[in-house]
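To keep things clear, I will list the structure first and then write my remarks on it.
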Amino acid sequence: MDWGLGMHNKWKIRLSRCSLAILLVSSVFPQMCDAAPSRPNILLIMADDLGYGDLGCFGNDTLRTPNIDQLAREGVKLTQQIAAASLCTPSRAAFLTGRYPIRSGMVSRHEPRVIMRTGASGGLPTNETTFAKLLQQQGYTTGLLGKWHQGMNCESHNDHCHHPLNHGFDYFYGTPFTLVNECQANKDPEMNVQLQAMYWFYTQVAALLVFTLVLGRTTGLFYVKWKIIAFTASCGFLFFISWFANYGFVRYWNCIMMRDHIITQQPIKLENAASRILKESISFIKRNKKGPFLLFVSLLHVHTPCFTTKMFHGKSRHGLYGDNVEEMDWMVGKILAAVDKEGLRNNTFTYFTSDHGGFLEARQGITQLGGWNGIYKGGKGMGGWEGGIRVPGIVRWPGIVPAGSVIDEPISLMDIFPTVAHLAGASIPQDRVIDGRSQVALLQGEVQHSEHEFMFHYCGSHLHAVRWYQKESGPVWKVHYITPIFNPKGAGACYGKGICPCSGEGVIHHDPPLLFDLSKDPSESVPLSPDMEPLFHTVLKHTDRAVEEHRKTITPVPQQLSPDNLMWKPWLQPCCGTFPFCWCDNEESDTHSNKVG
């Protein structure tokens, strides 16, 4: 008993000394007691083509999005969040790298402005650093589930130079391309519809010419050598094969699913693609619950063809698109529930957004298949108008980010790069320009204003508009140098073209530029004039100077979306069979229960 009591007293003395030491340290270094929590898990959820006004928490009172609305109540809404581009490929390149896509060459001077084939050589350059690569170096397990759309191969069908696993992701499951109408059987074609129509016309002309020559020769109306007829027929056939190989097999060659480097399904079966991505998301969270992890869920919703399962088909008040939005919300709810189930809510930085604005020109007959951008003018493909680049944003981090708050400061999708790097304790690359700004202090309420002063709004490689935020006085000026010509006249989009162009006869160059004060006219409905706005010339002078300084920082790089890099190259075509017979379905037999990360 005496020995036990002695030991007890010794421990009391040691504990007292330890407590005293802690008190001394905390009094001298109080900041140590308020240290930030350990590195959080990072969950990024990005919708595809979702309009700013498609969510209940962003003003929609007819579409049901209870799970995303709840996320907004538990976190902070970003009401002035801006995409770096109004189309998928360049916007996502900027999101991943924190840099304007013109810096990485992920822009185009001409149409199309996105990667159109898996068998093309363009893609996110290997010398670009993604946030996944930074976090991977910090010990995070990184995963990408869903859409990639940043290219695949460079020189052979399996070099995977642009693949997610070559850009910092430990695990990938999804499509290296995107969804298009061609991915769903019996849907009207979406890719280069006018060009395909022209090719069909020329093919028919060639067939008619051959028929006429044969008819004339056999009936004796005129004499033509059989060699000439054979040559003409051969040329016509080769022409048909050359273009039909590009477009006739889109579903088999472009619409594929992969796990890491292995093709699991070619073509994709849309009936269960969403459920498989959801299952993979929940599985990733469960496997890596001990963390830290970075999970980027890049949803296929709500891009055309808006394939929706039977559970949600016909349930919304806005047709197929509304059904797709409500199914997306259900998926987000299941992913968030998985986070809660594993007890990770308080240590997970959760972020939801869209890659750009809603697709106004997407229609099936008279039915709208694209999103609603609220009060904002324009949509997908329009480089300057607000509806194409303003996207919903929500951040939740319990105990760190004030719940139920709203931030109406100019924020960029590019900001996620330095923000998650900051949270993970990673250093920002110093050998290149990073256009994003860490928004950690703004999200926590430690500062009142965004660090952004100027934002540059590109359409392809053409600068269409500039935003100037005067933090102290409040105005958010928007200067438009170029705007698209809507078709038909008076419409709010380019319905006659399918998507608005960036240059050429389909745009207007404004001299002087159009000027709006977004703080008073967020719909960009009434351009200001020198008579209406005393600061008109001052604002233009400041923005012109900012553009000049910005252009000095742009270094020429190889254009990843040039016609040559977007051209289909058979030797680059991913194929799970023997080319050109590319089809397989290994989803049922494929097992990866032992996969980590």
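Going from the sequence shown to my numbering is simple: count from 1 and add 89. Even glycine gets a Cβ: it sits at the ideal position worked out from N, Cα and C. Here the structure is a predicted model, which means the values were calculated and not measured.
- Message: Rounded to the nearest angstrom, what separates A49 and V303 at their Cα positions?
- Response: Only positions 90 to 686 of the chain appear in the structure, and residue 49 is not among them; the question remains open.
- Message: In this structure, how does DSSP classify C673 when only helix, strand and coil are distinguished?
- Response: DSSP places C673 in the strand class (E or B) of the three-state scheme.
- For F266 and chain B, any beta-carbon pair shorter than 7 Å? The chain labelled as chain B is not found in the depicted structure, where only one protein chain is given.
- Task: May I ask you to list the residues that DSSP assigns as paired with S494?
- Result: The partner list for S494 (beta bridge, DSSP) reads V165.
- Query: Three-state secondary structure (DSSP) at L661?
  - Reply: helix
- Roughly how many angstroms separate the alpha carbons of M347 and N462, rounded to a whole number? 32 Å
- Using a threshold of 7 Å, state whether the C-beta atoms of F448 and D138 are closer than that. A contact, by the Cβ cut-off of 7 Å.
- Task: Use the C-beta contact count for N156: other C-beta atoms within 10 angstroms, 16 or more gives buried, fewer gives exposed.
- Result: buried
- Query: DSSP state of G305, grouped into three classes?
  - Reply: helix
- Query: Around the Cβ of M621, are there at least 16 other Cβ atoms within 10 angstroms (buried) or fewer (exposed)?
  - Reply: That one is exposed.
- Message: Tell me the rounded alpha-carbon separation between V484 and S494.
- Response: 10 Å
- Find out if the Cβ-Cβ distance for the pair R526, E540 is shorter than 7 Å. yes
- What are the complete beta strand (DSSP E) segments, minimum 3 residues, inside the stretch 383-451? Listed in chain order, they are 437-443.
- Got a sec? Which residues, its chain only, sit under 8 Å from G228 by beta carbon, not counting five neighbours each side? P381
- Message: Please give me, in chain order, every unbroken run of the beta strand (DSSP E) with length at least 3 that falls completely inside the stretch 241-273.
- Response: 260-264
- Task: For V536, I'd like the list of residues in its chain whose CB is within less than 7 Å of its CB, leaving aside the five on either flank, ordered along the chain.
- Result: A530
- Message: What would DSSP say about Y584, mapped onto helix, strand or coil?
- Response: coil
- Bounding residues of the alpha helix (DSSP H) (the contiguous stretch that carries R181): C177 to T186
- Task: May I ask you to list the residues that DSSP assigns as paired with I351?
- Result: R348
- Return the residue from the list W657, F373, V313 and H639 that minimises the CA-CA distance to N130. F373
- Task: Out of F328, R376 and T397, point me to the one whose CA is closest to V294's CA.
- Result: The option with the nearest alpha carbon to V294 is F328.
- Task: Count the other C-beta atoms from every protein chain shown that fall within 10 angstroms of the C-beta of Y260, then say buried if there are 16 or more, exposed otherwise.
- Result: buried
- Query: Apart from the five residues on each side of it in sequence, which residues of its chain come closer than 7 Å, Cβ to Cβ, to V490?
  - Reply: These residues qualify, in order along the chain: G164, V165, V484, L532 and Q533.
- Task: Put S501 into one of helix, strand or coil per three-state DSSP.
- Result: strand
- Would you say K423 and L367 are within 7 Å of each other, going by their C-beta atoms? Contact: yes.
- Query: Taking DSSP as the reference, what is the three-state secondary structure of T508?
  - Reply: helix
- Task: Check whether the Cβ atoms of I478 and A274 sit closer than 7 Å, and answer yes or no.
- Result: No, the pair does not count as a contact, with Cβ atoms beyond the cut-off.
- Find out if the Cβ-Cβ distance for the pair L160, I496 is shorter than 7 Å. no
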